[in-house]
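Notes to accompany the following structure.
Printed below as a string of structure tokens:
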């Protein structure tokens, strides 16, 4: 019933004069103005924002549909990174030596795609062997219990990786070894641009999937009302499996496509995980659409802190900003009474 | 408990629905942030045939023209009567052979209640068996074919709606005549 | 009830798993050791000439956690050195006890105490973090067990050492001098290049960066004061945590400040390689001093051509012995070792073996006391030095340098090198320079 | 007839006996903890150091459980409050020469005060948001400790004077053990008072608690403040025991360490966490040293144990023992009947 009042049509003006929209509007204005000072701020915000959005989107999806605060999301990033380095290693020599530009462009994709697939399978295994076991027994204190489970998964995966593959970073200098290109007077490495393109394509596909496909609708339905979804003949276990698979695939994809920036090590997922958490808390837990916008917002705060203040404070400032936002909007910028993974 | 000769006691809920049993719960369990159209589409989750989805949707809109008017409105923003219509409409989407409806009059004003019962009656006329659980005895008994009175968990009386409406025990205990 | 029992059984099974995992090699209960008992450990039996005796030596480092890569290199290098002497000194057979500090002072201290009390090590060697060293100094002082050549560099160690030499002298020696003594190479390189006309900066602005650890902070502090003394201005100063890889915002600021030099240090390979690549991508022409790039054996795989013209300070695998070590290491452990972690640790382990041999020759037995005596009488006075190393010409200590070694040409010195295509050319000091400072075109 | 009147006396007897059993068990365990350093292998200095660490973790887990297990707000920033107390006490000792014995309590007051503010902020939030808010406040605190190098020396580490002249671990063990007992007694008394009832009511259902006349705001803030103050106290002990302090003490891993102990011990019991901390901490340390050739393996075991407990025994040790107690009680009446 609160849902009804919350969603009841409000006048257009009031709708856009909310805290959320004022914040976003201000952010956009600041971003555009600062671009006159240093255009790289705008460009880099967009580029890093894409990466964070991809990472945070998966995290938000799992919380939105399954109510799991996944602290092992970073280890799935690590898995993607590791897979890509193992697959791409042998291919790299081949493509670098070839004369064909097409091969050079396509070379990195097998590694990235395999990583994505491995992530998907890992997610499905994780759901079946861990969360499903807990769900069968008890759903009491679900959020905290699953948090601890994911913390356990994280510890196990990190240390297994260390025992099996060792500590040394498996990295590459570049995926796409071409001359940096110039945008708005900012020189941008092709790798960076490509990751942005991948992120945008994946996010768009993901959004379409959630909104337009039968399965995507089923996911959203489960996130809003599990009983209702079951009544409509949706298999909860099936949706859960797919949710964790997709989210893990996104994390692994992010890890694989950032291999040139973050070499695969057992702890490589920790930093992206922290940023993804910044994003989902800022945006409102379990809200994929919010997480995507939030990814850009956090990227912007980080870029501005690094530029105007100092790198030392690059983690503190977003934290302070989020604390501030939570004071005014206790459930995040896009949080609302209505739960749904995509809907704001 | 069996349905068409199959034991359904231990089946998971989503498989029961796939057997052709629809269910409209008393709390409706709609998807508040989805539009009416999307709610109906999710209702047809188990239906693979697109033409069939289309025809079922047309049927829902025919029974509840009001839903058609508000096709793109979010379910969370609708009035109580409209929500009830949507819940029944969603239950109809897979074209179930049996539909269980739990307390459809709950929390509704008399006029929407009548409209809801009217829709159920039409639905039943089109060949869907409807199992209704209701406390609103007077209205219910006027539209049903068969009725059972449960008292303390056991069937106390059964008969056609007409019979029970004139039964003295029912009149005394439930209709206050 | 049956579910309850099944659950309890699972819990019990899990506990059993845990217990059995440690019981296998858990040390037998030690006899009570009074806390202030001195060098009693291991000294109980009088040495008999022929019979082989067992002693235990602690090998310390961060073997797990964020710096496990460095820790593993240290461990492997020390192991190789002891392998070469078959883990024997005279009639003593040496068993290693690996002390994992997990990059945490508290855990490092606990692990060290455990190694002394339960495992009964009589001396220790190697190490990485300065903060861990400070905590472990308390332990070595408490049990009077000498420790040698840990690579922690920060001056907090020197301060503590100087505060009570009799007590903290059991942390006998540092394996790395305070950064002030080393960064002088960079400052001189830059100033010489300006003087010679090879480097004509439009500004005297310097951007400093460092990892946010005791190491990074100390190096940047040293760089800052020495550069300021020679007319440079530090316009930017940034510290970053582990796994920081996005430096684009910082680099945009550098661009606006028109910095002539970007100088700093980190041991995080992903951070440093990302930084160098991003500086290159942004098209900055500043001179880049990236101290620590060569610490990671395989760094060139990460930076590619972006590392061209970058300046670093690292000994290379120059001698034949050094190259052989690097090849052997790679064959054995599958990765390129770094000269600073693996190479130095290898030399120091050999030096340590030499100290053990000296102690045995001088006192007739190997105990904490006899080993410590060698440190006091021969190591600190400069009598005992190690000149057969693969990295440095000579490792030696002097009364006025303690606990650091003697730093300078012919002793412990880090040449400044400039990279081209993944290979370093020595450009400082002048007497061993193989090339000249070159500006990025 | 006899069977109908029988239940009443038996229930009373059961209540008395079970509470007496609890008391006796508590005293026995307390005595065991006191005697432990004289039982091999705990006679060694290294094992005594493990005991200190275990007792410290136990005390922290008890303070953590006071919030997490009762008002159901999980303080992800717990380690930061420990660190705040540690830095307060350490800086007072280093800069002003105030003795650690006073500094520790001043640290507790400062941590408690920040806990009060945090409590007031997190009140508006629900569940995981409150937890994450506390986490972020902790992160911000850690960032300050790292970056205010002039005050805290940041990652360079602060050399802190130790609590006692001696470097013997035994006296430290008894100090922290006394702190643990004190914490257990004080917090249990609070839980047994009308506060405890209110905490539980709020933890289970804020709305219902409010409806029955409890002002959740006040109780939540009180609870958070008390828990954080104790955290600060233990932080002081940490600083003056190890003699070196870096901002890493505030890291999330330490919160997870404490949280794991509290959860495996059993939420909402206080004593469960206190008991399990000893075997768990010491077991992990032993495993780490004995598996030193395969670094990280002990953490894998730890992770597996944590997951098994969360899936199969979410009530932790306390839940297990409660069931065992109930089982014992359920046997009693039959014995009574048999005798009769």
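Residue numbers (our numbering), protein chains in the order written: chain A, -14 to 329; chain B, 43 to 219; chain C, -3 to 437; chain D, 1112 to 1451. Where a beta carbon is used, it is the ideal one built from N, C-alpha and C, also for glycine.
Reference residue 124/C; option with closest CA among 100/C, 164/C, 84/C: 100/C
Residue 170/C and residue 146/C closer than 8 Å at C-beta: yes
Please classify residue 379/C: is it buried, with 16 or more other beta-carbons within 10 angstroms of its beta-carbon, or exposed? Looking at its Cβ environment, which holds fewer than 16 other Cβ atoms inside 10 Å, residue 379/C is exposed.
Drop a sphere of 10 angstroms on the beta-carbon of residue 357/C, count the other beta-carbons inside from all chains shown, and report buried for 16 or more, exposed for fewer. exposed
Burial state of residue 197/B, where buried means 16 or more other Cβ atoms lie within 10 Å: Within a 10 Å sphere around the beta-carbon of residue 197/B sit fewer than 16 other beta-carbons, which makes this residue exposed.
Under 8 Å, Cβ to Cβ, is there at least one residue of chain B near residue 220/A? yes
I need the boundaries of the beta strand (DSSP E) containing residue 141/B, first residue and last residue. Unbroken beta strand (DSSP E) run through residue 141/B: 140 to 144.
Helix, strand or coil for residue 413/C per DSSP? Note: residue 413/C maps to strand in three-state DSSP.
Any idea what DSSP makes of residue 401/C, helix, strand or coil? DSSP places residue 401/C in the strand class (E or B) of the three-state scheme.
On the DSSP letters alone, give me the boundaries of the alpha helix (DSSP H) that residue 50/C sits inside. Note, residue 50/C: premise wrong, no alpha helix (DSSP H); beta strand (DSSP E) at 49 to 57.
Looking at C-beta atoms only, is the number of pairs between the stretch 243 to 251 of chain A and the stretch 154 to 161 of chain A that lie closer than 8 Å three or more? yes
Just tell me which of 59/C, 371/C, 66/C has its CA closest to the CA of residue 288/C. 66/C
Are the stretch 1177 to 1189 of chain D and the stretch 1235 to 1255 of chain D in contact at 8 Å, needing three or more beta carbon pairs? yes
For residue 267/C, the nearest candidate out of 207/C, 331/C, 135/C, 211/C (CA to CA): 207/C
7 Å CB neighbourhood of residue 316/A in its chain, flanking five on each side removed: These residues qualify, in order along the chain: 269.
Taking only the alpha-carbon atoms, compute the straight-line gap between residue 193/B and residue 161/B and give it to the nearest angstrom. Residue 161/B has its alpha-carbon roughly 28 Å from the corresponding atom of residue 193/B.
If you measure from the beta carbon of residue 0/C to each beta carbon in chain D, is any gap under 8 Å? Residue placement at residue 0/C cannot be trusted, given a pLDDT of 47 that sits under 50; what the coordinates show is reported in the next sentence. So yes, residue 0/C belongs to the interface.
Closer than 9 Å at the beta carbon, the chain D residues around residue 156/C: 1270
Spatially closest choice to residue 122/C from 116/C, 115/C, 108/C, 134/C, by CA coordinates: 108/C
Beta bridge counterpart(s) of residue 77/B as assigned by DSSP: 116/B
CA nearest to the CA of residue 114/B, picked from 100/B, 106/B, 77/B, 212/B: Comparing Cα positions, the closest option is 77/B.
Any C-beta of chain C under 8 Å from that of residue 305/A: Taking CB atoms only, residue 305/A has no neighbour in chain C less than 8 Å away.
In whole angstroms, what separates the C-alpha of residue 137/A from that of residue 111/A? When only Cα atoms are considered, residue 137/A and residue 111/A end up about 12 Å apart.
How about residue 29/A: is its C-beta nearer than 8 Å to some C-beta of chain C? True, the Cβ-Cβ gap to chain C drops below 8 Å.
Looking at the C-beta of residue 56/C, does it have a partner C-beta in chain A at a distance below 8 Å? Closer than 8 Å to the CB of residue 56/C there is not a single CB belonging to chain A.
Scan the stretch 91 to 140 of chain A and note each continuous alpha helix (DSSP H) run of 4 residues or more that stays entirely inside, going in chain order. 93 to 111, 117 to 122
Are the stretch 1417 to 1432 of chain D and the stretch 129 to 145 of chain A touching, with three or more C-beta to C-beta distances below 8 Å? yes
Between residue 199/A and chain B, is the shortest Cβ-Cβ distance under 8 Å, so that the two count as touching? yes
Of the residues 186/B, 70/B, 147/B, which one's Cα is nearest the Cα of residue 164/B? 186/B
Verify the CB distance criterion: does residue 1334/D have a CB-CB separation below 8 Å to chain A? no
9 Å Cβ cut-off: residues of chain A touching residue 241/C: Neighbours of residue 241/C across chain A, judged by C-beta separation under 9 Å: 243, 246, 247, 256.
Which residue wins for smallest C-alpha separation from residue 265/B, given the options 116/B, 148/B, 203/B? Only positions 43 to 219 of chain B appear in this structure, which leaves residue 265/B out of reach.
Residue 92/C bridges to which residues according to DSSP? 53/C
Examine chain C for any beta-carbon lying closer than 8 Å to the beta-carbon of residue 1354/D, and answer yes or no. Yes, because at least one Cβ of chain C sits closer than 8 Å to the Cβ of residue 1354/D.
Cβ-Cβ distance between residue 1353/D and residue 105/C below 8 Å: Against a cut-off of 8 Å, the Cβ pair of residue 105/C and residue 1353/D comes out as a contact.
Within the continuous alpha helix (DSSP H) that includes residue 222/A, where are the two ends? 221 to 242
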